[in-house]
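J.: full-length UniProt numbering puts the first residue of the sequence shown at 1, with every later residue one more than the last.
I have a structure here, written as structure tokens, and I will follow up with some questions on it.
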Amino acid sequence: MSKRLVALGDSFTEGVGDDDPRAANGVRGWADRVAAQLAAEVPDFRYANLAIRGRLLGQVLDEQLEPALAMTPDLVTLYAGGNDLMRPKVDIDALLGRYAEAVATLRATGATVVLFTGVDGVEDPLFRKMRGRTAIYNELVRGIAASHGALLVDMWPMRQLRDRRMWSADRLHLNSAGHTEVAIEVLRVLDAPHSLSPVDLAPVPATDPRSRRSEDLRWAREHALPWIKRRVRGESSGDTVTPKRPEPLPVVDGLA
Numbered sequence: 001m002s003k004r005l006v007a008l009g010d011s012f013t014e015g016v017g018d019d020d021p022r023a024a025n026g027v028r029g030w031a032d033r034v035a036a037q038l039a040a041e042v043p044d045f046r047y048a049n050l051a052i053r054g055r056l057l058g059q060v061l062d063e064q065l066e067p068a069l070a071m072t073p074d075l076v077t078l079y080a081g082g083n084d085l086m087r088p089k090v091d092i093d094a095l096l097g098r099y100a101e102a103v104a105t106l107r108a109t110g111a112t113v114v115l116f117t118g119v120d121g122v123e124d125p126l127f128r129k130m131r132g133r134t135a136i137y138n139e140l141v142r143g144i145a146a147s148h149g150a151l152l153v154d155m156w157p158m159r160q161l162r163d164r165r166m167w168s169a170d171r172l173h174l175n176s177a178g179h180t181e182v183a184i185e186v187l188r189v190l191d192a193p194h195s196l197s198p199v200d201l202a203p204v205p206a207t208d209p210r211s212r213r214s215e216d217l218r219w220a221r222e223h224a225l226p227w228i229k230r231r232v233r234g235e236s237s238g239d240t241v242t243p244k245r246p247e248p249l250p251v252v253d254g255l256a
């Protein structure tokens, strides 16, 4: 079993949405959960997480790929491109061309590489509009995984992630329950034992249209407008953020 994990990516891998004051950067996330489970089975297990919120795919590769290679990991997770898909214009083919090159570089080291497809946002009015872009992105990622012998965590058919209760208040990032679901799927793909349990959610309660509109307006005011303003100013939520685990370190007391 792998002894050194390095996680690359953006807010999804950093763990944004899964607030935990005990964790580095104040967030935990699926990658920390996976690392804790692997560390429980593997002596001298080490884990680094270079992911930073707000990063575009090119930035992830430019900033994180070489440092990751220098750590000589035998297990690498890579997810990037979600922020690119949210931009007004994106060349998905060019984007995934760079992605494929990075995966080939990582696989050439002999490391196991884990890739991810995007979540199906069909249940959300905003992300439903991105569904076509995400589907194209996913098909290209599936092809890259198959071509280079990478493992794939396919989040598109994970229906539980369509439930808004799996997401934080900003609707952009998974909450603790959502990150746990992803961690369970990653460990399943790795064929690794674990003690994680999915959250048992009750049936979705009915919401009247007036309450739904009120929730949507509050979300737009508190989350969507600040995001738009940052884009206009050329700012990113990760401008002042550094990697939560820049070096491969042991997992202590089950907390990465």
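Note that CB positions come from ideal geometry on N, CA and C, so glycine has one too.
1) Around the C-beta of residue 44, are 16 or more other C-beta atoms found within 10 angstroms, so that it is buried, or is it exposed?
2) Out of 7, 243, 252, which has the shortest C-alpha to C-alpha gap to residue 112?
3) Cutting at 8 Å between CB atoms, please list the residues of its own chain near residue 122, excluding the five before and the five after it.
4) Is DSSP giving residue 193 helix, strand or coil here?
5) Where in the segment 108-185 do unbroken runs of the alpha helix (DSSP H), each at least 4 residues long, occur, reported from the N-terminal end onward?
6) Residues in its own chain within less than 7 Å of residue 175 by CB, not counting five upstream and five downstream?
7) Where does the unbroken beta strand (DSSP E) through residue 82 begin, and where does it stop?
8) Secondary structure at residue 7, three-state DSSP: helix, strand or coil?
9) Assign residue 149 to buried or exposed, taking buried as 16 or more other Cβ atoms, counted over all protein chains shown, within 10 Å of its Cβ.
10) So, for residue 188: in the same chain, excluding its five sequence neighbours on each side, which residues have a beta-carbon less than 8 Å away from its beta-carbon?
11) Could you give the DSSP three-state label for residue 242: helix, strand or coil?
12) Given a cut-off of 8 Å, decide if residue 102 and residue 65 are closer than it, judged by their beta-carbon atoms.
13) Touching or not, the segment 182-197 and the segment 48-55, by the rule of three or more beta carbon pairs under 8 Å?
14) So is residue 155 buried or exposed if we call it buried at 16+ other beta carbons inside 10 Å?
15) Within the chosen definition, does the segment 24-35 reach the segment 54-72 through at least 3 CB pairs nearer than 8 Å?
16) Considering only residues of the same chain and omitting the five flanking positions on each side of residue 177, which have a CB-CB separation below 6 Å?
17) I need the boundaries of the beta strand (DSSP E) containing residue 35, first residue and last residue.
18) Can you give me the C-alpha to C-alpha distance between residue 171 and residue 57, rounded to a whole angstrom?
19) Alpha carbons only, please: which of 125, 100, 124 is nearest the one belonging to residue 114?
20) With distance defined between alpha-carbon atoms, name the residue in 139, 184, 164, 81 nearest to residue 205.
T.: Taking the geometry as given:
1) On the sequence shown, residue 44 is found 44 positions in, with the first residue counted as 1. By the neighbour-count rule (16 or more Cβ atoms within 10 Å), residue 44 is not buried but exposed.
2) The count along the sequence shown starts at 1 and reaches residue 112 at position 112. Of the listed residues, the one whose Cα sits closest to residue 112 is 7.
3) Within the sequence shown, residue 122 is the residue found at index 122, counting from 1. 128, 131, 162.
4) For this step, residue 193 is matched to residue 193 along the sequence shown. Looking at residue 193 - three-state DSSP - the assignment turns out to be coil, as it is neither helix nor strand.
5) 125-128, 131-148
6) Here the question's residue 175 lines up with position 175 in the sequence shown. These residues qualify, in order along the chain: 17, 18, 166, 167, 168.
7) Indexing the sequence shown from 1 puts residue 82 at position 82. Taken as a continuous stretch (DSSP letters only), residue 82 belongs to no beta strand (DSSP E), being part of the alpha helix (DSSP H) at 82-85.
8) The residue given as residue 7 occupies position 7 in the sequence shown. DSSP places residue 7 in strand when its eight states are reduced to three.
9) Taking the sequence shown and counting its residues from 1, the one referred to as residue 149 is at position 149. Answer is exposed; the Cβ neighbour count stays below 16.
10) As a position in the sequence shown, residue 188 is number 188, starting the count at 1. Nothing listed; no residue qualifies.
11) Here residue 242 corresponds to residue number 242 of the sequence shown, with the count starting at 1. If DSSP states are grouped into helix, strand and coil, residue 242 belongs with coil.
12) Translated into the one-based positions of the sequence shown, residue 65 becomes position 65. Translated into the one-based positions of the sequence shown, residue 102 becomes position 102. Closer than 8 Å, so yes.
13) no
14) By 1-based counting over the sequence shown, the position of residue 155 is 155. Residue 155 is buried by the Cβ-count criterion.
15) no
16) Translated into the one-based positions of the sequence shown, residue 177 becomes position 177. The answer, listed in chain order, is 166, 199.
17) On the sequence shown, position 35 is the one that residue 35 refers to. Here residue 35 belongs to no beta strand (DSSP E); instead the alpha helix (DSSP H) covers 30-39.
18) In the sequence shown, residue 171 corresponds to position 171, counting from 1. In the sequence shown, residue 57 corresponds to position 57, counting from 1. Between residue 171 and residue 57, the C-alpha separation is close to 21 Å.
19) Counted from its first residue, the sequence shown places residue 114 at position 114. That would be 100, whose Cα lies nearest to the Cα of residue 114.
20) In the sequence shown, the residue the question calls residue 205 occupies position 205. It is 164 whose Cα lies nearest to the Cα of residue 205.
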